[in-house]
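Novice:
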Amino acid sequence: MRAAVWNLANQVTLVRAYLAVPALIFALRSEYGVLAILVAVAGLSDMVDGTVARRFSQPSQVGGGLDPVVDGLFMGALVVGLALGGTIPVWLALVVIARYLLPALAGGLLIALGRRPELRHTLTGQVSTTLILVLIGGVCLLRGLYQDAGGLLTGAEVVIPIATVATYVHLGWVTFRRPAVAPV
Numbered sequence: 011m012r013a014a015v016w017n018l019a020n021q022v023t024l025v026r027a028y029l030a031v032p033a034l035i036f037a038l039r040s041e042y043g044v045l046a047i048l049v050a051v052a053g054l055s056d057m058v059d060g061t062v063a064r065r066f067s068q069p070s071q072v073g074g075g076l077d078p079v080v081d082g083l084f085m086g087a088l089v090v091g092l093a094l095g096g097t098i099p100v101w102l103a104l105v106v107i108a109r110y111l112l113p114a115l116a117g118g119l120l121i122a123l124g125r126r127p128e129l130r131h132t133l134t135g136q137v138s139t140t141l142i143l144v145l146i147g148g149v150c151l152l153r154g155l156y157q158d159a160g161g162l163l164t165g166a167e168v169v170i171p172i173a174t175v176a177t178y179v180h181l182g183w184v185t186f187r188r189p190a191v192a193p194v
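Letter by letter, the sequence shown follows residues 11 to 194 in the numbering used here.
(1) With a CB to CB cut of under 6 Å and the five nearest residues on each side skipped, what residues in its chain are close to SER40?
(2) Curious, which full-length alpha helix (DSSP H) runs of at least 4 residues does the segment 76-129 contain?
(3) Closest to ALA159 by CA distance: which of THR97, TRP101, ALA176 is it?
(4) Taking the beta carbon of THR23 as the centre, do at least 16 other beta carbons fall within 10 Å, making it buried, or is it exposed?
(5) Would you mind working out which of LEU45, ASN17, LEU38 sits nearest GLY154, comparing C-alpha positions?
(6) What's the C-alpha gap between ALA37 and ASN17?
(7) Whose C-beta lies closer than 6 Å to the C-beta of GLY86 among residues of the same chain, with five residues either side of it excluded?
(8) Keeping to the same chain, check which residues put their C-beta closer than 6 Å to that of LEU34; ignore five residues upstream and five downstream.
(9) Confirm, please, whether the CB-CB distance from VAL105 to ILE146 is below 9 Å.
(10) Taking only the alpha-carbon atoms, compute the straight-line gap between LEU162 and ALA114 and give it to the nearest angstrom.
(11) If you run the structure through DSSP and keep just helix, strand and coil, what is TRP16?
(12) Helix, strand or coil for LEU45, going by three-state DSSP, please let me know.
(13) Please confirm whether ALA30 and LEU83 have their CB atoms less than 9 Å apart.
(14) Suppose you measure from the CA of LEU143 to the CA of LEU152; what does that come to, to the nearest Å?
(15) Can you have a look at ASN20 and say buried or exposed, based on whether 16 or more other CB atoms are within 10 angstroms of its CB?
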């Protein structure tokens, strides 16, 4: 198990955890150019970690569970800093935090009920994470370039809640569907 934690794929995943505190600090300081770079690096690590795991035959339960945790850690730090700095509305930060926190709590509840949740990525989860990174990162990039980010922020205020609800619906369907019974 210890080797699974330290494999290359999991180290790529952990990049997002390492970037969480700097993202919070740069967001609070409204240093948008650096913040846009951090979001891009985080997004790149999110795209690459699974590819590295498959390429080097290193997929693991640890990696499957670690990925959404560090996504939530990075995204939470990012949006808290942006909300406290007045860049995005507090309610939008809460939606992003809920996007990662509620599925984690639901997984914990399932474990407490004696049911082991299946750790796998869903298309809606991947799409919502990508949309959050692109939209919030885009706001940071535009601000870093001293451009108006109002239109993109408005888009984020519409798209992120919809993507979050779609993720919840899909996760609920995947979690609670009954396996098909084979004909006898």
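Ideal Cβ placement from N, Cα and C applies to all residues, glycine included.
Specialist: Quick answer:
(1) Counting from 1 along the sequence shown, the entry for residue 40 is found at position 30. GLY95.
(2) 100-122
(3) By 1-based counting over the sequence shown, the position of residue 159 is 149. Comparing Cα-Cα distances from ALA159 to each of THR97, TRP101, ALA176, the minimum goes to THR97.
(4) Stepping through the sequence shown from its first residue, residue 23 is reached at position 13. Result: buried.
(5) In the sequence shown, residue 154 corresponds to position 144, counting from 1. It is LEU45.
(6) Here residue 37 refers to the residue found at position 27 of the sequence shown. Here residue 17 refers to the residue found at position 7 of the sequence shown. About 31 Å.
(7) In the sequence shown, counting from the first residue as 1, residue 86 sits at position 76. Excluding positions up to five away in sequence, the list reads ILE107.
(8) In the sequence shown, residue 34 corresponds to position 24, counting from 1. Only ALA87, GLY91 meet the Cβ criterion.
(9) Your numbering for residue 146 matches position 136 in the sequence shown. Your numbering for residue 105 matches position 95 in the sequence shown. Contact: no.
(10) Indexing the sequence shown from 1 puts residue 162 at position 152. Indexing the sequence shown from 1 puts residue 114 at position 104. Computed Cα separation, rounded: 28 Å.
(11) By 1-based counting over the sequence shown, the position of residue 16 is 6. TRP16: coil per DSSP, three-state reduction.
(12) On the sequence shown, position 35 is the one that residue 45 refers to. DSSP places LEU45 in helix when its eight states are reduced to three.
(13) The residue given as residue 30 occupies position 20 in the sequence shown. The residue given as residue 83 occupies position 73 in the sequence shown. Result yes, Cβ atoms of ALA30 and LEU83 sit closer than 9 Å.
(14) In the sequence shown, the residue the question calls residue 143 occupies position 133. In the sequence shown, the residue the question calls residue 152 occupies position 142. Their backbone Cα atoms lie some 14 Å apart in a straight line.
(15) Start at 1 with the first residue of the sequence shown, and residue 20 comes out as number 10. Under this definition ASN20 is a buried residue.
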